[in-house]
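The structure under discussion appears below in the form of structure tokens.
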Amino acid sequence: MLSEVTVIGGGIIGVCCALSLQRQGIGTTLIERGDIGGEATLGNCALMARSEIVPLSKPGVMKKLPGWILDSEGPLAVRPGHLPTAIPWLLKFLRNARADRVAQICHGLGEIAKLAQDDFDNVIEAANIKDIWAENEVLYLYDSKSQYDADTFSWNLREAEGCFVTPLNKNELRDLEPDVNTDGKFGVVANGWKSFTNPQRLTKELANLFVSLGGQIIAQDVARIKMLNGRADQVKFENGEILKLDKLVVAAGCWAGRLLSDMGIRIPLAPLHGYHTDLPDSGVKLSRAVIYAPGGFVNTPVETGLRIAGTVEIAPIDAKPNFRRAEVLVEKAKRNLFPQLNTSNGSQWIGARPFMPDTLPVIGPAPKVDNAWLAVGHGQLGLTMGPTTGELISALILGKSPSIPIEAYRADRRYVQ
88 MLSEVTVIGG GIIGVCCALS LQRQGIGTTL IERGDIGGEA TLGNCALMAR
138 SEIVPLSKPG VMKKLPGWIL DSEGPLAVRP GHLPTAIPWL LKFLRNARAD
188 RVAQICHGLG EIAKLAQDDF DNVIEAANIK DIWAENEVLY LYDSKSQYDA
238 DTFSWNLREA EGCFVTPLNK NELRDLEPDV NTDGKFGVVA NGWKSFTNPQ
288 RLTKELANLF VSLGGQIIAQ DVARIKMLNG RADQVKFENG EILKLDKLVV
338 AAGCWAGRLL SDMGIRIPLA PLHGYHTDLP DSGVKLSRAV IYAPGGFVNT
388 PVETGLRIAG TVEIAPIDAK PNFRRAEVLV EKAKRNLFPQ LNTSNGSQWI
438 GARPFMPDTL PVIGPAPKVD NAWLAVGHGQ LGLTMGPTTG ELISALILGK
488 SPSIPIEAYR ADRRYVQ
């Protein structure tokens, strides 16, 4: 039986696109070669990050980037040998660092983030999975008030998009999270976030809801998309089987590039790897996520213990893990936040996150392909933007007006302005 829409990609973005369509009564098939939510969704920071809308490319980054690139343990590193391949993407990235352009990008991300809370509430209630998330403030921690003040540019951008914070005095800070060493530090809490105890289970539960509504999941690896008369006509699987297409959504994360090339589409999508360590017996109890701003990493309580996650590494999509990057985050956490941290029995993870050089996702119709839509390039905000992306894609396919303008997210936009 031919589904009306086929979605390629079983991460949080693809699952939310398929679920939104199926809830609208549109027969939908979801294709995923591995575990649902088993790639970037599996190991993210487990947060709906309302205020994380300021891109890495911002004023001052050009001075810092050479040092970062040369430091294999820095917040943004390029894998040795990969720099020549990465240079064109990095140049586009840097050209988006002007203050006026950063404000535009921040607004584009903020428009989606503003909708995230209601859209998440909608799918969580529908799937009856309120046990796997908590709505609470997140704590941003700095080494000093002056360090926070030096980040005023970013906080002003967040405030312009409706993200507000509450500064804490030293007693409030100490009492909020007693297991964190807050001596001499400065902290603010930001509202509107959600934390999830298990992002993959969240994604699987949403996929289960999709199936219960009549959706179909095909566990196959897509070899190529075959075109006919300007339309995506067939999906050919690695085992040789063919699936006829009516309408297609590509939501395959970092692996979307090859599929898009089959359709004659090229976008500057790059895999930026992130790392985490889960510590099951950390000796640290947190009531919320703690972002250590100067270290560029997040500490989130999850089902598997304390998750210490972050960093950006530009490397080939199939690069072998450099788990020293994960170890550095744990060392920084112990040195700066949790002197009592028990680092034994930890499990490490690497995942490739799909980034565009302007940090904005691609959401909208596929250029010059009559029956295809794209939902890729969400970077570090895939979990945050999942349900809203699904709502936007389903509205476009149904010929409805999306809840926000999508011009900033079109695949045929200028990636450097």
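Residue 504, in this note's numbering, is where the sequence shown stops; the numbers in between run on with no holes.
Using N, Cα and C, we set each Cβ at its ideal position, and we do this for glycine too.
Where residue i sits in the DSSP three-state scheme
i, result
"Arg245", "helix"
"Ser282", "strand"
"Arg411", "helix"
"Thr239", "helix"
"His360", "strand"
"Leu260", "helix"
"Met472", "helix"
"Asn295", "helix"
"Gly397", "strand"
"Lys334", "strand"
"Arg524", "Outside the shown range of the chain, which is 88 to 504, sits residue 524, and nothing can be said about it."
"Glu222", "strand"
"Thr446", "coil"
"Lys313", "strand"
"Val417", "helix"
"Leu479", "helix"
"Thr93", "strand"
"Val381", "Checking the sequence shown, residue 381 turns out to be Pro, not Val. Helix, per DSSP."
"Arg353", "coil"
"Ile437", "strand"
"Met88", "Residue placement at Met88 is flagged as unreliable, the pLDDT there being 46, under the threshold of 50; the coordinate-derived value follows with that caveat. Coil."
"Leu228", "strand"
Where the beta strand (DSSP E) containing residue i begins and where it ends
i, result
"Asn432", "From DSSP, Asn432 is part of no beta strand (DSSP E); its letter is neither H nor E."
"Arg500", "First-last for Arg500: undefined, no H or E at that position."
"Asp320", "318-324"
"Gln303", "303-305"
"Thr253", "252-255"
"Leu300", "Careful: Leu300 lies outside any beta strand (DSSP E) and carries neither H nor E."
"Val389", "384-389"
"Thr115", "115-118"
"Ala462", "459-463"
Proximal residues to residue i (C-beta, below 7 Å), its chain only, five neighbours per side dropped
i, result
"Asp445", "Asn183, Ile192, Tyr502"
"Leu451", "It is Gly, not Leu, that sits at residue 451 in the sequence shown. Once the five neighbours on either side are set aside, the close Cβ partners of Gly451 are Trp460, Leu461, Leu483, Ile493, Tyr496, Arg497, Ala498."
"Arg288", "Ile219"
"Pro162", "Trp155, Gly383, Thr398, Val399"
"Thr253", "Val275, Val276"
Contact set for residue i: own chain, Cβ-Cβ below 8 Å, skip 5 residues either direction
i, result
"Ser488", "Ala482"
"Ala164", "Trp155, Ile156, Asp158, Thr398, Val399, Glu400, Ile401, Arg412"
"Asp368", "Gly392, Asn429, Ser431, Asn432"
Proximity test, residue i beta-carbon vs the ligand MN heavy atom, cut-off 7 Å
i, result
"Gly370", "This structure simply doesn't include the ligand MN, nor any ligand for that matter."
Continuous alpha helix (DSSP H) stretch holding residue i: start and end
i, result
"Ile99", "99-110"
"Gly344", "343-349"
Spatial neighbours of residue i in its chain, beta-carbon cut-off 6 Å, leaving aside the 5 residues before and after
i, result
"Asp365", "Thr391, Gly392, Arg394, Ser434"
"Ala380", "Tyr227, Tyr229"
"Gly101", "Val94, Ala338"
Test: residue i CB closer than 8 Å to a CB of chain D
i, result
"Tyr227", "Chain labels in this structure do not include chain D; a single protein chain is all it has."
Beta strand (DSSP E) runs contained entirely in the segment 125-209, provided each spans 3 or more residues: 163-165
task: Take every Cβ of the segment 148-157, pair it with every Cβ of the segment 165-184, and state whether three or more of those distances are shorter than 8 Å.
output: yes
- prompt: Does the segment 407-427 come within contact of the segment 353-367, defined as at least 3 CB pairs closer than 8 Å?
  reply: yes
query: Is the segment 253-268 touching the segment 198-217 in the sense that three or more CB pairs, one from each, lie closer than 8 Å?
result: no
- prompt: Are the segment 127-146 and the segment 273-285 touching by the rule of at least three beta carbon pairs closer than 8 Å?
  reply: yes
The segment 120-131 contacting the segment 290-306, beta-carbon criterion three pairs below 8 Å: yes
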